[in-house]
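A.B. asks: Numbering-wise (my numbering), the sequence shown opens with residue 162 and increments by one. Note that CB positions come from ideal geometry on N, CA and C, so glycine has one too. Values in this document were obtained by computation on a predicted structure and should not be read as measured data.
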Amino acid sequence: MKKSIYKSIYNTIESLFNSSPPLSFQAKMSLTASVLAYQFKNWIFCGFYVSISDRNLEIGPYQGKILPCTNIKYGAGVCGTSAMKKETIIVKDVYEYANYISCDSDTKSEIVVPIFNEEELIAVLDIDSNKRNDFDKIDKENLEKISTLFFKRDQK
Ligand code: SME
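Below you can see the structure in the form of structure tokens.
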């Protein structure tokens with residue numbers, strides 16, 4: 162079920178990204194946040210934090226409520242840790258993650274996936290769920306696959 166939803170999400174995003182004229186990274190993030198936000202009923206935040214100067218992340222395009230967390234330093238919270246370690250992080254229960262930045266008390270679990278251009282970290286994709294333990298290796302594999310579409314070389 163989840164796998165087939167991801168297959169459809171991947172195809173939708175791939176086809177949107179192949180539009181002509183070529184889309185900016187900003188446009189791709191906006192479209193992806195919108196595509197992802199309406200697929201799984203427990204997801205309450207879907208969006209991006211973009212790497213800016215001096216190892217800081219700044220809020221990018223997202224779908225969800227207005228949040229207080231607009232800037233996150235590398236190493237802080239789940240997003241900053243993912244950016245610093247350059248790896249996907251799944252938090253099954255946000256109450257048990259010591260280095261957690263709470264932006265919405267409804268969030269119970271979270272996944273953060275880094276986006277690279279070659280080796281360079283450009284942004285992180287952050288998804289919050291109102292259900293505990295909502296993310297697993299299927300989400301990790303599929304979101305990482307989607308993350309490779311942003312700077313794919315063979316796009317038009
Ligand atoms: N919880 C995140 C902060 C961003 S919000 O979830 C949108 C974190 O710990 O980095």
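Taking only heavy atoms of ligand 1 into account, decide whether any of them is closer than 8 angstroms to the Cβ of S263.
C.D. replies: Within the sequence shown, numbered from 1, the residue matching residue 263 stands at position 102. Under cutoff, so the answer is yes.
A.B. asks: Ends of the alpha helix (DSSP H) at L310?
C.D. replies: Here residue 310 refers to the residue found at position 149 when the sequence shown is read from its first residue. Where L310 is concerned, there is no enclosing alpha helix (DSSP H), given that its DSSP letter is neither H nor E.
A.B. asks: Need the endpoints of the alpha helix (DSSP H) that C240 sits in, please.
C.D. replies: Counted from its first residue, the sequence shown places residue 240 at position 79. G238 to K246 is the span of the alpha helix (DSSP H), which, as asked, contains C240.
A.B. asks: Beta-carbon separation of I251 and D287 under 9 angstroms?
C.D. replies: Your numbering for residue 251 matches position 90 in the sequence shown. Your numbering for residue 287 matches position 126 in the sequence shown. Against a cut-off of 9 angstroms, the Cβ pair of D287 and I251 comes out as no contact.
A.B. asks: Determine, using beta carbons only, whether V274 and T249 come nearer to each other than 9 angstroms.
C.D. replies: Here residue 274 corresponds to residue number 113 of the sequence shown, with the count starting at 1. Here residue 249 corresponds to residue number 88 of the sequence shown, with the count starting at 1. Their beta carbons are under 9 angstroms apart, which means V274 touches T249 by this criterion.
A.B. asks: Give the straight-line distance between the Cα atoms of S165 and I174, rounded to the nearest whole angstrom.
C.D. replies: In the sequence shown, the residue the question calls residue 165 occupies position 4. In the sequence shown, the residue the question calls residue 174 occupies position 13. Their Cα atoms are separated by approximately 14 angstroms.
A.B. asks: Say the cut is 8 angstroms; is the CB of Y167 nearer than that to a heavy atom of ligand 1?
C.D. replies: In the sequence shown, counting from the first residue as 1, residue 167 sits at position 6. Y167: no, Cβ never under 8 angstroms from ligand 1.
A.B. asks: For Y199, which of helix, strand or coil comes out of DSSP?
C.D. replies: By one-based count along the sequence shown, residue 199 stands at place 38. In the structure shown, Y199 sits in coil (DSSP, three-state: anything other than H, G, I, E or B).
A.B. asks: For I233, which of Q200, Y258, N179 and S263 has the nearest alpha-carbon?
C.D. replies: Working through the sequence shown from its first residue, we reach residue 233 at position 72. Minimum Cα distance to I233 is reached at S263.
A.B. asks: Taking R293 as the reference, which of Q187, V211, C207 and E257 has the closest Cα?
C.D. replies: Stepping through the sequence shown from its first residue, residue 293 is reached at position 132. Looking at the Cα atoms, E257 is the closest of the given residues.
A.B. asks: Ligand 1 and T268: does the residue's C-beta get closer than 8 angstroms to at least one heavy atom of that ligand?
C.D. replies: To locate residue 268, count along the sequence shown from 1; it is residue 107. Checking every heavy atom of ligand 1 against the Cβ of T268, one is found closer than 8 angstroms.
A.B. asks: Considering only residues of the same chain and omitting the five flanking positions on each side of D289, which have a CB-CB separation below 6 angstroms?
C.D. replies: In the sequence shown, counting from the first residue as 1, residue 289 sits at position 128. Result list for D289: I205, F206, T268 and E271, in chain order.
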